[in-house]
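Residue numbers (the numbering used here): 25 to 307.
For reference, the structure discussed in these notes is given below.
Structure, rendered in structure tokens:
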């Protein structure tokens with residue numbers, strides 16, 4: 025396991041790997057890693073000759089009132105976790121290494137970035153798309169692994185890679201969950217003892233939405249009402265959204281059909297939690 029801190033070192037190391045005929049898997053992260061991130065590394069390792077994990081808390085995707093300064097930074101334990109999962113490299117750049125000058129070039133993806141989190145965090149996805157484009161440029165040709173918990177982010181990155189003809193295969197991996205169904209997230213550490221059991225209602229609400237759709241409900245408003253009613257029982261949280269959308273466009277259709285996705289977001293104190301699940305309506 026090698027920990028690299030500069031763009032030049034990453035390009036040198038991966039250039040040598042490719043010159044030797046080896047393929048590269050890439051897992052981009054913001055650190056504070058957990059078993060969900062480990063599962064992404066474990067997905068990459070058997071499919072690629074070498075796997076590199078980036079650990080970078082990207083300031084571009086935080087609004088001024090968000091938790092950039094408080095976001096956990098745990099590089100030593102992050103390195104230990106991904107090394108145990110089989111990663112060959114960690115890329116842990118400083119902010120100055122990634123942005124040596126004030127950045128004047130940004131990447132935005134219209135359409136799929138606009139609903140849901142795009143309404144609540146209007147600058148967020150431009151920050152995500154910009155840093156991921158930059159990371160793809162640094163890493164070079166690879167398979168890149170992202171968790172489906174951030175479903176809208178995954179859709180944006182897939183669209184961006186397609187539109188810009190990037191030499192990257194973007195792979196979505198299943199959400200890793202706690203025993204009570206709560207999606208693993210670096211922000212779960214912000215939950216208080218009282219908030220933590222209520223946070224499991226996100227998963228429960230999604231399951232109720234899936235049950236309704238699988239039972240024949242095709243009115244999105246009815247499905248959303250079921251999810252919202254269940255989330256209202258989490259009285260320590262503030263609902264941002266609970267929506268059922270077309271899985272490709274992320275827009276709410278008049279009638280549910282084909283592949284659909286249920287997405288929820290709830291604010292618990294300092295922790296903004298998101299989750300999603302999908303199902304397919306046949307016929």
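We put the beta carbon where it would ideally sit given N, CA and C, even for glycine.
**Item:** Closest residue to residue 234 among 166, 268, 212 and 258 (Cα-Cα distance)
**Value:** Checking every option, the nearest Cα to that of residue 234 belongs to 268.
**Prompt:** DSSP beta-bridge partners for residue 302?
**Reply:** Per DSSP, 285.
**Item:** Beta bridge counterpart(s) of residue 295 as assigned by DSSP
**Value:** BP columns for residue 295 point to 292.
**From 156, 217 and 73, residue whose alpha carbon lies closest to that of residue 44** = Nearest of 156, 217 and 73 to residue 44, Cα basis: 73.
**Message:** If contact is defined by three or more beta carbon pairs under 8 Å, each pair taking one atom from either stretch, is the region 58-67 in contact with the region 84-99?
**Reply:** Taking 8 Å as the limit for Cβ pairs, the verdict is that the region 58-67 does not touch the region 84-99.
**Item:** Contacting residues, own chain, Cβ-Cβ under 7 Å from residue 99 (five flanking each side not counted)
**Value:** Residues of the same chain with a CB within less than 7 Å of the CB of residue 99, apart from the 5 flanking positions on each side, are 55, 79 and 116 in chain order.
**Message:** For residue 279, tell me which candidate among 215, 231 and 243 has the shortest Cα-Cα distance.
**Reply:** That would be 243, whose Cα lies nearest to the Cα of residue 279.
**Message:** Under DSSP, the beta strand (DSSP E) around residue 171 begins and ends at which residues?
**Reply:** Annotation for residue 171: the continuous beta strand (DSSP E) segment containing it runs 166-171.
**Item:** Which of helix, strand or coil DSSP assigns to residue 214
**Value:** Secondary structure of residue 214 (DSSP, three-state): helix.
**Item:** Distance, residue 145 Cα to residue 36 Cα
**Value:** Just so you know, the alpha carbons of residue 36 and residue 145 end up roughly 36 Å apart.
**Request:** Could you please give me the residues that DSSP links to residue 201 through a beta bridge?
**Result:** Under DSSP, the beta-bridge partners assigned to residue 201 are 207.
**Prompt:** By Cβ distance below 8 Å, which residues in the same chain neighbour residue 140 in space, the five residues on each side in sequence not counted?
**Reply:** Sequence-distant Cβ neighbours of residue 140 in its own chain, meaning closer than 8 Å and more than five residues away, are 176, 265, 267, 269, 274, 287 and 289.
**Message:** Counting C-beta neighbours from all protein chains within 10 Å, is the total for residue 29 16 or more, i.e. buried, or is it exposed?
**Reply:** Classified as exposed, residue 29 has fewer than 16 neighbouring CB atoms from the shown chains inside 10 Å of its CB.
**Asked** How would you write the range of the alpha helix (DSSP H) that residue 244 sits in, first residue to last?
**Response** Boundaries of the alpha helix (DSSP H) around residue 244: 244-255.
**Item:** Spatial neighbours of residue 174 in its chain, beta-carbon cut-off 8 Å, leaving aside the 5 residues before and after
**Value:** Hits under 8 Å: 298.
**Request:** Per DSSP, which residues does residue 78 bridge with? Please list them.
**Result:** As computed with DSSP, residue 78 is found in a beta bridge with 52 and 115.
**Request:** Can you grab the Cα-Cα spacing for the pair residue 149 / residue 86, in whole Å?
**Result:** Those two C-alpha atoms are separated by around 10 Å.
**Chain-order list of residues whose beta-carbon lies under 6 Å from that of residue 200 (same chain, five-residue window excluded)** = In its chain, beyond the 5 residues on either side, 59, 60, 63 and 208 have a beta carbon closer than 6 Å to the beta carbon of residue 200.
**Item:** Assigned exposure category for residue 262 - 16 Cβ within 10 Å defines buried
**Value:** It counts as exposed.
**Message:** Runs of 3 residues minimum, wholly inside the region 79-149: which ones carry the beta strand (DSSP E) assignment?
**Reply:** Fully contained in the region 79-149 are the following beta strand (DSSP E) runs of length 3 or more, in chain order: 113-115.
**Request:** Locate the beta strand (DSSP E) running through residue 264, then write down its first and last residues.
**Result:** Counting along the chain, the beta strand (DSSP E) containing residue 264 begins and ends at 262-270.
**Request:** Please name the residue in 295, 196, 232 and 151 whose C-alpha comes closest to that of residue 216.
**Result:** For the residues 295, 196, 232 and 151, the minimum Cα distance to residue 216 belongs to 295.
**Between the CA atoms of residue 154 and residue 168 - distance to the nearest angstrom** = Rounded to the nearest angstrom, the two C-alpha atoms are 16 Å apart.
**Prompt:** For residue 143, is the classification buried or exposed, using 16 other Cβ atoms within 10 angstroms of its Cβ as the cut-off for buried?
**Reply:** Residue 143 comes out exposed.
**Prompt:** Rounded C-beta distance between residue 237 and residue 303? I'm assuming under 8 Å.
**Reply:** The Cβ separation is near 5 Å, so the contact holds.
**Message:** Relative to the C-alpha of residue 97, which candidate in 195, 211 and 258 has its C-alpha closest?
**Reply:** The shortest CA-to-CA distance from residue 97 to any of 195, 211 and 258 is the one to 211.
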